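K.L.:
Residue 108 in the UniProt record's numbering is what sits at position 108 of the sequence shown, and the numbering runs on without skipping anything. Beta carbons: idealized from backbone N, C-alpha and C, even for Gly. Please read these numbers as outputs of a predicted model, since none were measured by experiment.
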Amino acid sequence: MNQLNRVLRPVERIVHRYGSHLGRLAMFFVFLFLWLPIGVLVFMSFAKGGVLAFPPKELTLQWYVTFLNNQAAISAIVTTLKISVVASLISVVLATLIAYAVDRFVFPGKDVLQLLATLPIVVPLVVTGIAMVLFFGAVNFQQGYWAVVIAHVIRTIPFATLVILPTFLTFDRQLEEASKDLGANELETFRQVTLPSVLPGIIAGGLLAFTLSFNEFVYTYFVKDSATTTLPIYIWNQIRYNVTPEVNVISVVFLLLAVSLVLIAVSLTRVELLTRR
Numbered sequence: 001m002n003q004l005n006r007v008l009r010p011v012e013r014i015v016h017r018y019g020s021h022l023g024r025l026a027m028f029f030v031f032l033f034l035w036l037p038i039g040v041l042v043f044m045s046f047a048k049g050g051v052l053a054f055p056p057k058e059l060t061l062q063w064y065v066t067f068l069n070n071q072a073a074i075s076a077i078v079t080t081l082k083i084s085v086v087a088s089l090i091s092v093v094l095a096t097l098i099a100y101a102v103d104r105f106v107f108p109g110k111d112v113l114q115l116l117a118t119l120p121i122v123v124p125l126v127v128t129g130i131a132m133v134l135f136f137g138a139v140n141f142q143q144g145y146w147a148v149v150i151a152h153v154i155r156t157i158p159f160a161t162l163v164i165l166p167t168f169l170t171f172d173r174q175l176e177e178a179s180k181d182l183g184a185n186e187l188e189t190f191r192q193v194t195l196p197s198v199l200p201g202i203i204a205g206g207l208l209a210f211t212l213s214f215n216e217f218v219y220t221y222f223v224k225d226s227a228t229t230t231l232p233i234y235i236w237n238q239i240r241y242n243v244t245p246e247v248n249v250i251s252v253v254f255l256l257l258a259v260s261l262v263l264i265a266v267s268l269t270r271v272e273l274l275t276r277r
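1. In chain order, what residues of the same chain lie with their CB nearer than 8 Å to the CB of P158, ignoring the 5 residues before and after it?
2. Identify which residue in V218, V253, V223, D225 has its Cα closest to the Cα of W236.
3. For A47, name the three-state secondary structure that DSSP assigns.
4. With DSSP collapsed to three states, give me the class of R276.
5. Out of P108, V65, L41, Y64, which one is the CA nearest neighbour of P56?
6. Rounded to a whole number of angstroms, what is the C-alpha to C-alpha distance between G39 and V253?
7. Is L59 helix, strand or coil when you go by DSSP?
8. Whole angstroms is fine: what's the gap from Q62's alpha carbon to L125's?
9. What would DSSP say about V123, mapped onto helix, strand or coil?
10. Going by beta-carbon coordinates alone, are V148 and K224 separated by less than 7 Å?
11. Give me the Cβ distance between A209 and V92, rounded to the nearest whole Å; I'm assuming they're in contact under 8 Å.
12. In this structure, how does DSSP classify T189 when only helix, strand and coil are distinguished?
13. Around the Cβ of R17, are there at least 16 other Cβ atoms within 10 angstroms (buried) or fewer (exposed)?
14. Let me confirm a value: P232 is counted as buried when at least 16 other C-beta atoms fall within 10 Å, else exposed. Which label applies?
15. For L261, which option in S226, N215, N248, R240 has the closest C-alpha, if you only look at C-alpha atoms?
16. Let me confirm a value: G206 is counted as buried when at least 16 other C-beta atoms fall within 10 Å, else exposed. Which label applies?
17. State the Cα-Cα distance for the pair M132 and Y145, rounded to the nearest angstrom.
18. Using the rule of at least 16 other Cβ atoms within 10 Å of the residue's Cβ for burial, across every protein chain shown, is P108 buried or exposed?
19. Using a Cβ-Cβ cut-off of 8 Å (strictly less than) and excluding sequence neighbours within five positions of V153, which residues of its own chain qualify?
20. In whole angstroms, give me the CA-to-CA distance for residue 310 and N185.
21. Got a sec, what are the start and stop residues for the alpha helix (DSSP H) K82 sits in?
If you want it as structure tokens, here you go:
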């Protein structure tokens, strides 16, 4: 034991003296590992040649113009927006109801409800995709737009719930009691007191749900029909046959949208609460 302590003491001194610097250095390399490929992708979206060779010999905005004039890509974006907006609204409504029920009521199956609401996070995407194909086939539900919407709702509800639930758990219930003491009924209290207080969390959950739905590929691939082509599906079809810098341009659009919405969501809610619940 004494020998072990003699070995560990120098390590403890090093950690105590340089721990913060080592932590920052490790964080720097982690972020570099994660973001360097994305930076290369953004840079290659300006490559002039049609071959994806790094570094490019010339830079140009040609592929951004090509993307803006690509009717198939624009149609895929419109289809994706139609699916994501509807799926996000449904997810937010259901996640809000789940969060309200879990926070305010005690009922049989409460723990099961919380488990079911978050279960899709831990189930592999391929497994859920196959299960949805089998289920839709068993109930004779046609693959297509609404099948994709349902799949996206299943995908986004857990994340919306995890964002919205802490806003209810941290809400000061005394405000509701004061409202009722002043003569407001249950509905008026919810509309004028509760809802404005939890609205930032609901909006953040909706933005996160929209971001996930907009980028969803696996569930869409399993339940779509030939007429439903979202932007991820369009990108997949492009890289299967002919890779050009236009694919990088589309990826940059994805990146800007996703990062912007996530930053807005983080600014609207206290994200650190998610790590405490």
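P.N.:
Per the coordinate set shown:
1. Working through the sequence shown from its first residue, we reach residue 158 at position 158. Excluding positions up to five away in sequence, the list reads A117, T118, L119, P120, I121.
2. In the sequence shown, the residue the question calls residue 236 occupies position 236. Among V218, V253, V223, D225, the Cα nearest to that of W236 is on V218.
3. Working through the sequence shown from its first residue, we reach residue 47 at position 47. In this structure, A47 counts as strand in the three-state DSSP scheme.
4. Along the sequence shown, one-based indexing puts residue 276 at 276. Any answer about R276 is weak, because its pLDDT of 47 lies below 50 and its placement is not dependable; what the coordinates show is given next. Coil, per DSSP.
5. For the purposes of this step, residue 56 is taken as residue 56 along the sequence shown, with counting starting at 1. Taking each of P108, V65, L41, Y64 in turn and checking the Cα distance to P56, the smallest one comes out for L41.
6. Position 39 of the sequence shown, counted from the first residue, corresponds to residue 39. Position 253 of the sequence shown, counted from the first residue, corresponds to residue 253. Taking the straight line from one Cα to the other gives about 13 Å.
7. The count along the sequence shown starts at 1 and reaches residue 59 at position 59. The answer is strand: DSSP assigns L59 an E or B state.
8. As a position in the sequence shown, residue 62 is number 62, starting the count at 1. As a position in the sequence shown, residue 125 is number 125, starting the count at 1. Looking at the two C-alpha atoms, the distance is approximately 36 Å.
9. Taking the sequence shown and counting its residues from 1, one reaches residue 123 at position 123. DSSP places V123 in coil when its eight states are reduced to three.
10. Against the sequence shown, residue 148 aligns to sequence position 148. Against the sequence shown, residue 224 aligns to sequence position 224. Result yes, Cβ atoms of V148 and K224 sit closer than 7 Å.
11. Numbered from 1 along the sequence shown, position 209 holds the residue referred to as residue 209. Numbered from 1 along the sequence shown, position 92 holds the residue referred to as residue 92. About 6 Å separates the two Cβ atoms, so the contact holds.
12. Numbered from 1 along the sequence shown, position 189 holds the residue referred to as residue 189. Helix at T189.
13. Residue 17 sits at position 17 when you count from the first residue of the sequence shown. Classification of R17: exposed, given that the 10 Å Cβ count is below 16.
14. Position 232 of the sequence shown, counted from the first residue, corresponds to residue 232. Classification for P232: buried.
15. Translated into positions along the sequence shown, residue 261 becomes position 261. Nearest C-alpha to L261: N215.
16. Residue 206 sits at position 206 when you count from the first residue of the sequence shown. So G206 counts as buried.
17. Against the sequence shown, residue 132 aligns to sequence position 132. Against the sequence shown, residue 145 aligns to sequence position 145. Straight-line Cα distance between these residues: approximately 14 Å.
18. Taking the first residue of the sequence shown as 1, we reach residue 108 at position 108. Classification for P108: exposed.
19. In the sequence shown, counting from the first residue as 1, residue 153 sits at position 153. Result list for V153: A87, I90, S91, L94, in chain order.
20. One cannot answer for residue 310 here, as it falls past the ends of the chain, which runs 1 to 277.
21. In the sequence shown, counting from the first residue as 1, residue 82 sits at position 82. Element bounds for K82: 71–104.
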